[in-house]
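K.L.:
Before anything else, here's the structure in question.
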Amino acid sequence: MLIELCKQVRAAPRAVHGVPDPAELRGFGLRPAEVLDFSSNVNAYGPSPAVREAVARTPLDRYPDDEALALRSALAERLGVLPQCVLAANGASELIWSACLAFLHPRDRVLVLGPTFAEYARMAALMAAHLQIYQAHEEKNFTFSPSEICAVLASWQPRLVFLCNPNNPTGTVLSAQTITDWIYNYPHTIFIVDESYLAFAPGVGSVVDVQRHNVVVLRSMTKDYALAGLRLGYAVGAEERIAALAGVRPPWSVNALAQAAGIAALRDGEHLRRSLELLAAAKSELTAALAELRIPVLPSAAPFFLVRVGDGAAVRRALLDKGILVRDCASFGLPQYVRICTRRPEENARLVAAFREVLYAS
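Residue numbers (numbering that gives the first Met the number 0): 0 to 361.
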């Protein structure tokens, strides 16, 4: 049995993500700096100027604080929890891996609410877990059915549940009350609630205050604070759960630049507030422009959204030939869609113009 489990783990494919691939770009005669990237779900208005200043002041010849205590303390103060209930990490992806390492054994049951971020299922597979994916229905614009999910929870009794709220790539949401009810009603299931995109969706509730033993909330400062190049995220949960995550993380996983950037970003709340307002306005203009082109845009609570184009891979290639990168959604099991993340108005105008050429070329 052990040999079979090892084979299963080694066969788990790497997850496909957005972002520019330098090798692919070379094939199109492009350099990364020449590409407008609509494939990455990152705040297009960039980090606070205070972040750049903090990074410039950070010495490079010293090891970072392995515990990231100053950053964790700043986050804890913001969230109203104790520092020992917060763990900083090299992005939310590291926390997904840590959660599986800390909480799963081979053949444990894992439920993933999809279509969603591929690393949930991939890491469960690497742990040789028994995986079930509840797939939202296309005819309902991929909104989740709480009653159907509840039925799966009751019948399958998974050890671990991964859910992303707002969800990537669909931008759909579940109410915080619905998730909280599951947390209370299924105390033997650990809920990993990925709230990486919550800041982009005002009015969508968080479960960060639930603080039960069977819930861990993940957040990504990579997205809203635009720290993608530094990689930074954090987990919030009961002290024993955070201690378990900390017990499996690599040493010095959050580098000194990321720690300094995170603290500076938290201090400049006005930059975040203003940039998210601008992004929301830009999204409204962009989706309206696409609608004028008769391009079906699915409802989304986030700046990113799905667009039904028929052949996602072909449309992606055609747009990339014009220096514009969107996310082909075949890896989500949605080959007829591309995902677009809103950028600044002048950049969005270029995307709309490129779409017009691609879809209506004679």
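Don't be surprised by glycine CBs; every beta carbon is placed ideally from N, CA and C.
With a cut-off of 8 angstroms, do at least 3 Cβ pairs link the segment 82-90 to the segment 133-146?
P.N.:
No, they do not touch.
K.L.:
When we look at the beta-carbon of Asp-327 and count the other beta-carbons within 10 Å, is it buried (16 or more) or exposed?
P.N.:
Translated into the one-based positions of the sequence shown, residue 327 becomes position 328. Buried is the call here.
K.L.:
Buried or exposed for Leu-68, going by 16 or more other Cβ atoms inside 10 Å?
P.N.:
For this step, residue 68 is matched to residue 69 along the sequence shown. By the 10 Å Cβ count, Leu-68 comes out exposed.
K.L.:
Nearest to Ala-313 by alpha carbon, out of Glu-93, Tyr-119, Gln-335, Arg-293?
P.N.:
Your numbering for residue 313 matches position 314 in the sequence shown. The shortest C-alpha separation from Ala-313 is found at Gln-335.
K.L.:
With burial defined as no fewer than 16 other Cβ atoms inside 10 Å of the residue's Cβ, what is the status of Asp-223: buried or exposed?
P.N.:
Your numbering for residue 223 matches position 224 in the sequence shown. Counting Cβ neighbours within 10 Å, Asp-223 comes out buried, since at least 16 surround it.
K.L.:
Helix, strand or coil for Asp-107? Go by DSSP, reduced to three states.
P.N.:
For the purposes of this step, residue 107 is taken as residue 108 along the sequence shown, with counting starting at 1. If DSSP states are grouped into helix, strand and coil, Asp-107 belongs with coil.
K.L.:
Does DSSP classify Val-214 as helix, strand or coil?
P.N.:
Your numbering for residue 214 matches position 215 in the sequence shown. Note: Val-214 maps to strand in three-state DSSP.
K.L.:
Less than 7 angstroms between C-beta atoms, sequence neighbours within five positions excluded: which residues of the same chain meet that for Glu-170?
P.N.:
Locating residue 170 in the sequence shown gives position 171, counting from the first residue. Checking the sequence shown, residue 170 turns out to be Gly, not Glu. Hits under 7 angstroms: Ser-299, Ala-300, Ala-301, Phe-303, Phe-304.
K.L.:
With Tyr-185 and Leu-74 assumed to form a contact (beta carbons below 8 angstroms), what rounded beta-carbon distance in angstroms separates them?
P.N.:
Sequence index remark: in the sequence shown, residue 185 carries index 186 (1-based). Sequence index remark: in the sequence shown, residue 74 carries index 75 (1-based). At roughly 27 angstroms, the Cβ-Cβ gap does not stay under 8 angstroms, so Tyr-185 and Leu-74 are not in contact.
K.L.:
When the Cβ atoms of the segment 89-101 are set against those of the segment 118-128, are three or more pairs found closer than 8 angstroms?
P.N.:
Enough Cβ pairs lie closer than 8 angstroms, so yes.
K.L.:
Alpha carbon to alpha carbon, how far is Arg-248 from Glu-93?
P.N.:
What you label residue 248 is simply residue 249 of the sequence shown in a count that begins at 1. What you label residue 93 is simply residue 94 of the sequence shown in a count that begins at 1. Taking the straight line from one Cα to the other gives about 8 angstroms.
K.L.:
My output table needs one value for Gln-83: the three-state DSSP class, helix, strand or coil.
P.N.:
Position 84 of the sequence shown, counting from 1, holds the residue named residue 83. Note: Gln-83 maps to helix in three-state DSSP.
K.L.:
Can you list the alpha helix (DSSP H) stretches of 4 or more residues lying completely in the segment 27-93, in chain order?
P.N.:
Segments of the alpha helix (DSSP H) lying fully in the segment 27-93: 48-56, 68-78.
K.L.:
If you count every other CB in all the chains shown that lies within 10 Å of the CB of Gly-236, and 16 or more means buried, which is it?
P.N.:
Within the sequence shown, the letter at position 237 stands for residue 236. So Gly-236 counts as buried.
K.L.:
How big is the Cα-Cα spacing for Gly-28 and Asp-36?
P.N.:
Counting from one through the sequence shown, the residue named residue 28 turns up at place 29. Counting from one through the sequence shown, the residue named residue 36 turns up at place 37. Cα to Cα, the separation comes out at about 16 angstroms.
K.L.:
In the DSSP output, what is Gly-246 paired with across the bridge?
P.N.:
The sequence position of residue 246 within the sequence shown is 247, counting from 1. None; Gly-246 has no bridge partner.
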